[in-house]
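Step one of this worksheet: look at the structure below.
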Amino acid sequence: MSDERIYPVKPEIAASAHFNTEGYRQLYEQSINEPEIFWAEQAGAFLDWQHPWQEVLSYDYPKGEIAWFKGGQLNVSANCLDRHLSLRGDQIAIIWEGDDPDQQQQLTYRELYHQVCKFANVLKAQGVQKGDRVCIYLPMITEAAVVILACARIGAVHSIVFGGFSADALRDRILDADCRVLICADESYRGGKIVHSKLNADKAAAQCPNLQTLIVIEHTGHEIPWQAGRDISYRQAMQAAAAECPAEVMDAEDPLFILYTSGSTGKPKGVLHTTGGYLLYAAMTHKYVFDYQEGDIYWCTADIGWITGHSYVLYGPLCNGATSLMFEGVPTYPSPDRFWQVIDKHQVSIFYTAPTAIRALMAHGEAHVGHTSRQSLRILGSVGEPINPEAWEWYYQVVGNSRCPIVDTWWQTETGGILITPLPGATDLKPGSATLPFFGVQPALLDHDGQILEGPGEGILVLSHPWPGQARTIYGDHARFVDTYFGKYPGYYLAGDGARRDADGYYWITGRIDDVLNVSGHRLGTAEIESALVLHKDVAEAAVVGFPHPIKGQGIYAYVTLNVGVTGTDALKKELAVLVKEEISAIALPDIMQWAAGLPKTRSGKIMRRILRKIAANDFDNLGDISTLADPAVVEDLIAHRLHL
Ligand code: 6R9
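Just so we're aligned: 15 in full-length UniProt numbering is position 15 of the sequence shown, and the numbers increase by one with no gaps anywhere.
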C-alpha cells in the first residue's frame, strides 16, 4: 500500500465547494469542542421540526443508551417531501432507470408526495399503526421509495430485506421483527433475467403465522399465484386510496427502521435507527461529503436493501431536495458500459458506487468507458470495502478523466451515515485511504488491551463519542447491542474494523477484525454460511473463511468435513450450494469448497480460523504456532488439498 501518492484538492472544486481545507478544520474543531452547539445548529439548518428538542444529546455507552434531540418532534416524510412542495414541487425527485435501457420514469416531488400519501392510507386501511413493523422485499423501483416514505409518514417501522435474499432469509427477518404486512413485487428484472419476488414472498409468508397481508406491486405485470384474502394489488389499492394523509408527529427518538446485517454469530442483527438523529446525519453527510449543490443529478448505485440505499439513495438526498437516480439493473447489462451510458443519458454529476463494481468493470477494459463522455461528472464516491489503489487510480483517471475527486467513505449499517471520508473541496486524497473524520466524529485506535494508540500506527478502530446517526439498539435484543459494540472496550463504540493511521492522521481501513466477511461489499457472517452447510445430512462440520479475491475483494472459502463413510463429490458440492442459496442468498455461495478430513482445533475444541485463513490465502509460510493444536497433522492434509479459483 503506498501512502506516498497524494492528490491535492483541486482549486476549481474548492472554489465552489461547501468547505475548503481551512473551513473543514475550523468546523471540525468546533464540532468536537462544542458538540451540543454544533449539532443544535445543524439540526435547525437541515430539518423542519414541529416541536423543539429539550436536550441535544444524552448517552451512556456502557449501557448502550444514546438519545439525540430528546423531546423534539418531526416527521421524516414531511422533511423529505411536504416542505419541498412550495419551492420544488415540480422538480424531479427520482429518476428511475430500468434494467432494460429503454425503460425509464421520472417522479417529481409533488408526484412522489401524492403517491406516498395514498400509500400511507393503504397501509392504514390494513390496520398498520405507528410503531408497527412493515417488511419490504422489493427491487429497485420507484414504488420502493413510495412505500418506504409512506411507512415513515404514519410512523410504521420499515424493515427492508434485500430482494436478492432467499425465502428463508426473508422469513427469518419477518419473524424476528414480527411484521404483519409484507410488501413485494410480482417479479423484477436483473441483467435481463426475471427475479421471482412473489414466489419467494409466498414461500416465506407461508411460514409466518402473524403475517396477515401481502401487498403486491405490479412491476412486470405477468401472471403470478394469488392468495385471495391475504394478497392485495398495489395498483387497485392505490386507485381506491384517499389522497390526503397528514404526517404523524414523531418523537426524535421514535424508531424509523430496522435493517438486518450480519454479525459474527449466525443470527443477523436487526439494527434499529431512530428518527431525528438519523435523518439529520444522512442529510448532512449527503450534502457535505458529496458536495451536493442545487441542480446536481446524483446517483448512488446501492440497492435499497442495504444501508447505503437507505441513507444515500433515499433519505439523505430527498431530505436535501436533490434529484436521486434509482437504477434497477446491473453494471454489465446489456454491456459493461451501462454505468457510463446512464451517466451520459441523465447527465449525472455525482456518482457513488462500490469498489467491487469498479474492479469488475476494470476487468472488461477501458474501451467500454472511452467511448462515453462522462463530462457531467464532478464528484465520485466509493463505499462498502477498502478500495485498492489500482482500482482507485482507474476510477480516478479512466472514469473521472482525472477531473473528479473520489470520496472513499467508510461507515457501516450501525453508523447510519458516513464517518470517515474526504470532503471534495477540503481534503487532499491518498488512493486507498478513507482519510479524515466527518464533523463530530472522533475515531481512535486501540491496542488489544484496549489502550489508546497515539500518533501513527495500526489498531482496532473505535469511536469515542456518539454522532446523531448512530444505531440505538438491536431490535429485540438490547443485551446483544451492548455486548457487541460497547462490551469489549468500555467507553467506546467498537466498529469491528481494523485501521492504520499515518503521519498525516489519515485513516486506512484494513478490514474486519471479527468473523464477518465482506464479499463484493456485502457483509456476511461466516457462522451463517457454516450453519447453512451443516444442515446437509452428509456434513459433519464446516468452517468458512475469507480469502483475497480479485473482483469480490473477499471470496468465500469453505472447509467441509463429511460424515464418516461419505465421499465428497461434485454432485454433493452442488447440493451444498443449493442449500446456501436457499438459506441465505446466491451472494453467500462459497467460491471454493474443500473437503477436509479434519479441521485444526485447539485442545478445547476451538477451530483455529487464523490457520484456515492462511491456508485459503495460500500463505503457508507463517502459520504461526500450531503446537497447541489437538492434531497438528490436519494442517498438512489441508495444505496438500488446497484448491484454487
Ligand atoms: C456502508 C456499508 C460495513 C463494513 C465496514 C467495513 C466495510 C464500508 C468502507 C469499508 C473500507 C470503506 N467498509 N465502507 N471498508 N473502506 N470505504 O458498507 O455498511 O454493509 O454495514 O458494511 O464494510 O468493513 O465495517 P455495511
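Glycine included, every Cβ here is placed at the ideal spot set by N, Cα and C.
This one's a predicted model, so the numbers in the text were calculated from it and none came from an experiment.
Where the alpha helix (DSSP H) through residue i begins and ends
i: S31; result: T21 to N33
i: L149; result: T142 to I154
i: K581; result: D570 to E583
i: I615; result: R609 to A616
i: V566; result: Segment: none, V566 is in no alpha helix (DSSP H) and carries neither H nor E.
i: T510; result: Taken as a continuous stretch (DSSP letters only), T510 belongs to no alpha helix (DSSP H), being part of the beta strand (DSSP E) at Y507 to R512.
i: D637; result: A633 to A640
i: D176; result: A167 to A177
i: I387; result: Neither: I387 is in no alpha helix (DSSP H) and is coded neither H nor E.
i: Q76; result: For the record, residue 76 in the displayed sequence is Val; it is not Gln. Unbroken alpha helix (DSSP H) run through V76: V76 to C80.
i: A363; result: P355 to H364
i: A14; result: P11 to S16
i: A367; result: A367 to G370
Cβ-heavy atom distance, residue i to ligand 1, below 7 Å
i: P424; result: no
i: residue 673; result: The displayed coordinates of the chain run from 1 to 645. Any statement about residue 673 would go beyond what the structure contains.
i: N518; result: yes
i: D570; result: no
i: T261; result: yes
i: L542; result: Position check: residue 542 holds Ala in this sequence, whereas Leu was assumed. No; taking the cut-off as 7 Å, the Cβ of A542 has no heavy atom of ligand 1 nearer than that.
i: R500; result: no
i: I160; result: no
i: E385; result: yes
i: I509; result: yes
i: residue 667; result: For the chain, the structure presents residues 1 to 645; residue 667 sits outside this window and is missing.
i: D515; result: no
i: W410; result: yes
i: R512; result: yes
i: G598; result: no
i: G521; result: yes
i: residue 656; result: With the chain covering only 1 through 645, there is no way to say anything about residue 656.
i: A588; result: no
i: A434; result: yes
i: T285; result: no
i: S264; result: no
i: S382; result: yes
i: T484; result: no
i: T473; result: no
i: T427; result: no
i: T413; result: yes
Limits of the unbroken beta strand (DSSP E) element including residue i
i: Y493; result: Y493 to R501
i: V383; result: I379 to V383
i: V407; result: I406 to T409
i: K345; result: Careful: K345 lies outside any beta strand (DSSP E), inside the alpha helix (DSSP H) at R338 to H346.
i: S627; result: S627 -> no beta strand (DSSP E), and no H or E assigned at all.
i: L182; result: V181 to A185
Paired residues, beta bridge with residue i - DSSP
i: R523; result: N518
i: A444; result: V462
i: S159; result: C135 and I258
i: Q106; result: I95
i: V271; result: L259 and I474
i: P548; result: Q554
i: R190; result: K193
i: C117; result: Answer is none; C117 lacks a bridge partner.
i: I595; result: Before going on, a small fix: residue 595 reads as Trp here, not Ile. The partner list for W595 (beta bridge, DSSP) reads V560.
i: S58; result: A67
i: Y7; result: L429
Nearest candidate by alpha-carbon position, reference residue i, set the options
i: A391; options: Q42, Q239, D447 and G432; result: G432
i: L256; options: G263, V271 and C245; result: V271
i: Y485; options: G476, P355 and S464; result: S464
i: I215; options: Y312, R173, E541 and A144; result: A144
i: residue 724; options: G221, I217, T567 and K537; result: Outside the modelled stretch of the chain, which goes from 1 to 645, sits residue 724, for which no answer is possible.
i: G365; options: D344, S58, Q105 and T332; result: T332
i: E65; options: E253, F620 and T561; result: E253
i: L524; options: S262, N388 and C404; result: S262
i: K287; options: F46, H196 and R359; result: F46
i: G459; options: P437, G511, V482 and E414; result: G511
i: K574; options: Q594, S264, N563 and G565; result: Q594
i: G163; options: L182, F620, H273 and A558; result: L182
i: S585; options: D172, Q103, S31 and T108; result: D172
i: T628; options: K606, L645, D619 and I615; result: K606
Near ligand 2: residue i beta-carbon under 7 Å from a heavy atom
i: G221; result: No copy of ligand 2 occurs in the structure displayed; its ligands are ligand 1 alone.
Sequence ranges, beta strand (DSSP E) only - wholly within the region 202 to 236, length at least 3: With a minimum length of 3 residues, the unbroken runs of beta strand (DSSP E) contained wholly in the region 202 to 236 fall at 213 to 217 and 231 to 233.
What are the uninterrupted segments assigned as alpha helix (DSSP H) that are 4 or more residues long and contained completely in the region 276 to 322, given in chain order? Taking only runs of at least 4 residues, the alpha helix (DSSP H) segments lying wholly in the region 276 to 322 are 276 to 289 and 316 to 319.
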